[in-house]
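Chemist:
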Amino acid sequence: MIIKFPAKKLGNLLALVTTASAVAFSSAANAEWKGWNIHNTDYPVTVALESFIKEADKVTNGRVNGRVYNGAVLGSQSDSIQMLQVGAIQFAGFSLGPMGDAVPEVNVVSLPFIFKNLDHMHRVMDGSVGDKLSKAMEKKGIMSLAWYDGGARSFYNTSKPIQTPADVKGEKFRVMNNELYVGMIEALGGNATPMAYSEVYQSLKTGVVDGAENNWPSYDSSNHYEVATYYSLTQHLIIPECLCVSVAAWNRLSPADQVLVKKAARDSSQLQRKLWAKRDEESRKKVLAAGVKFNEIKDKKAFSDAMKPVYAKAVQDNPSLKSFIEQIQSVD
Ligand code: BDP
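If you count by mature numbering (1 follows the signal peptide of the UniProt record, and there is no 0), then the sequence shown holds residues -31 to -1, 1 to 301, one letter each, in order.
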């Protein structure tokens, strides 16, 4: 497998990783597994990733050892995808949302209302569709060892409740880096700006964007609730997250170690899902107590109908999505 990057971009990525790890880790650097993470301490993804690498170290007698770099200090999520592909980092935990560019099949999980609820997403991802997506990622240098939860994403904004699709008209929304989400907002008559997570707080505060969309825990941990105080429960996206490893790092492990590391990953996903359910509830309560104005959506079908054109466009751009959509819809 050959992945090409412009020399300058790749140089920047490698410099970033080398500097960050040199600061934190001076001995046995060759053996260190560097883990990328966007979230801060105590977040369910963070705790699960830390538990994974600790367990992997234990069960392999230190043959796999490393640490998790929180708060996206190793670069943005788009950077992390490329760093996994070239083996500059060894593992990461993140939303599959921005992965559509690198692995087009994965865009199926970014289609609005594709999953009925969290349980449905679990059944799909823990079954054959999850395996197929993992295979597609593997061809691009990234392997998913386990699926994590990312809850359901809803709109939040600074000026008014979103009750119907018409309320999105003319509003500027931040989306994750993926053209599909731009189409999703445009289908509602809004304007979308793809932007790194780290820039959203300031952009909401200064009016560069009017709103964004995310699950309760991220709305809480990013402090976006302080500056965008209307949260409207559209739940238009349920996007799985992954504990992913670099195929380059994976291939250096013995088959026996691969079995052990995979088990550590699966165990960490059990932990993450438990922590997620708890945190989802805690974050919801916390932001509501802080004064967030929250509304349910009376007619969710109005949103899914308005967003339907996104499906046709996605299939047109990537015909292989058609069969993935059908497979997901056929899972009860
Ligand atoms: C969070 C995901 C994280 C994304 C972030 C975002 O856990 O991976 O980067 O949303 O909106 O819910 O960028």
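Think of the CB as a built atom: it goes at the ideal place given N, C-alpha and C, for glycine as much as any other residue.
Could you name the residues of the same chain whose beta carbon sits closer than 8 Å to that of Val137, not counting the 5 residues immediately before and after it, in chain order?
Modeler: Here residue 137 is taken as the residue at index 168 of the sequence shown, counted from 1. Counting only Cβ-Cβ distances below 8 Å, and skipping sequence neighbours, we find Phe124, Ile131, Ile154, Leu157, Gly158 and Gly159.
Chemist: Which partner residues does residue 303 have in the DSSP bridge list?
Modeler: Nothing can be reported for residue 303: it is not among the residues displayed for the chain, which extend from -31 to 301.
Chemist: Do you know offhand how far Ala57's Cα is from Leu80's?
Modeler: As a first step, residue 57 must be located in the sequence shown, where it is residue number 88. As a first step, residue 80 must be located in the sequence shown, where it is residue number 111. If you take the alpha carbons of Ala57 and Leu80, they lie about 30 Å apart.
Chemist: Would you tell me roughly how many angstroms separate the C-alpha atoms of Lys291 and Val284, rounded to the nearest one?
Modeler: Taking the first residue of the sequence shown as 1, we reach residue 291 at position 322. Taking the first residue of the sequence shown as 1, we reach residue 284 at position 315. Cα to Cα, Lys291 sits roughly 6 Å from Val284.
Chemist: Mind listing, in chain order, the continuous beta strand (DSSP E) runs of no fewer than 3 residues lying wholly within the stretch 81 to 154?
Modeler: List check, beta strand (DSSP E) in window: 111 to 117, 122 to 126 and 141 to 144.
Chemist: Kindly examine the ligand BDP and report whether one of its heavy atoms sits closer than 8 Å to the Cβ of Ser252.
Modeler: Start at 1 with the first residue of the sequence shown, and residue 252 comes out as number 283. Ser252 Cβ: outside cutoff for every heavy atom of the ligand BDP.
Chemist: Please determine, among Thr15, Lys231, Ala275 and Ser299, the residue with the shortest C-alpha to C-alpha distance to Thr133.
Modeler: Here residue 133 refers to the residue found at position 164 when the sequence shown is read from its first residue. The shortest Cα separation from Thr133 among Thr15, Lys231, Ala275 and Ser299 belongs to Ala275.
Chemist: Could you give the first and the last residue of the continuous alpha helix (DSSP H) run that contains His193?
Modeler: Taking the first residue of the sequence shown as 1, we reach residue 193 at position 224. Run containing His193: His193 to Val196, per the alpha helix (DSSP H) assignment.
Chemist: Grab me the residues of Pro67's own chain with a C-beta within less than 8 Å of its C-beta, minus the 5 sequence neighbours each way, in chain order.
Modeler: If you number the sequence shown from 1, residue 67 lands on position 98. Within the same chain, Pro67 has close Cβ partners Gln46, Ser47, Ile50, Met145, Asn146 and Asn147.
Chemist: So is the beta-carbon of Asn184 under 8 Å away from any non-hydrogen atom of the ligand BDP?
Modeler: Position 215 of the sequence shown holds residue 184. True, at least one ligand heavy atom lies under 8 Å from that Cβ.
Chemist: From the DSSP output, in three-state form, read off Leu206 for me.
Modeler: In the sequence shown, residue 206 corresponds to position 237, counting from 1. Strand.
Chemist: Quick one: grab the DSSP three-state call for Asn220.
Modeler: Mapped onto the sequence shown, residue 220 falls at position 251. Helix at Asn220.
Chemist: Could you name the residues of the same chain whose beta carbon sits closer than 8 Å to that of Val279, not counting the 5 residues immediately before and after it, in chain order?
Modeler: As a first step, residue 279 must be located in the sequence shown, where it is residue number 310. The residues are Leu80, Pro81, Leu149, Gly152, Met153 and Ala156.
Chemist: For Val300 and Met106, I'd like the C-alpha separation in whole angstroms.
Modeler: As a position in the sequence shown, residue 300 is number 331, starting the count at 1. As a position in the sequence shown, residue 106 is number 137, starting the count at 1. For Val300 and Met106, the distance between alpha carbons rounds to 22 Å.
Chemist: Restricting to Cα atoms, I'd like to know which of Leu87, Gly31, Ala258 and Val75 is closest to Ile294.
Modeler: Taking the first residue of the sequence shown as 1, we reach residue 294 at position 325. Here the closest residue by C-alpha is Val75.
Chemist: Identify which residue in Phe21, Gly40 and Lys109 has its Cα closest to the Cα of Val55.
Modeler: Here residue 55 is taken as the residue at index 86 of the sequence shown, counted from 1. Among Phe21, Gly40 and Lys109, the Cα nearest to that of Val55 is on Lys109.
Chemist: Taking only runs that begin and end inside the stretch 8 to 92, name each unbroken alpha helix (DSSP H) of 4 or more residues, in chain order.
Modeler: List check, alpha helix (DSSP H) in window: 13 to 28 and 46 to 55.
Chemist: In chain order, what residues of the same chain lie with their CB nearer than 7 Å to the CB of Ala271, ignoring the 5 residues before and after it?
Modeler: As a first step, residue 271 must be located in the sequence shown, where it is residue number 302. Excluding residues within five positions, the ones whose Cβ falls inside 7 Å are Thr133 and Pro134.
Chemist: Judging by CA-CA distance, which residue of Asn6, Gln171 and His89 is the nearest neighbour of Met52?
Modeler: Your numbering for residue 52 matches position 83 in the sequence shown. Selected option, being the one with the closest Cα: Asn6.
Chemist: If Met112 sits next to Cys213, beta carbons under 8 Å apart, how far is it from one beta carbon to the other, in whole angstroms?
Modeler: On the sequence shown, residue 112 is found 143 positions in, with the first residue counted as 1. On the sequence shown, residue 213 is found 244 positions in, with the first residue counted as 1. Sure, about 6 Å apart at Cβ, within 8 Å.
Chemist: Identify the continuous alpha helix (DSSP H) that holds Pro278 and give its terminal residues.
Modeler: Walking along the sequence shown from the start, residue 278 turns up at place 309. Note, Pro278: alpha helix (DSSP H), Pro278 to Asp286.
Chemist: Measuring alpha carbon to alpha carbon, tell me which of Asp11, Met164 and Cys211 ends up nearest Tyr117.
Modeler: For the purposes of this step, residue 117 is identified with residue 148 of the sequence shown, where counting begins at 1. Closest option to Tyr117, Cα to Cα, is Cys211.
Chemist: Per DSSP, what kind of secondary structure is Ser201 in: helix, strand or coil?
Modeler: Taking the sequence shown and counting its residues from 1, the one referred to as residue 201 is at position 232. Ser201 falls in the strand class under three-state DSSP.
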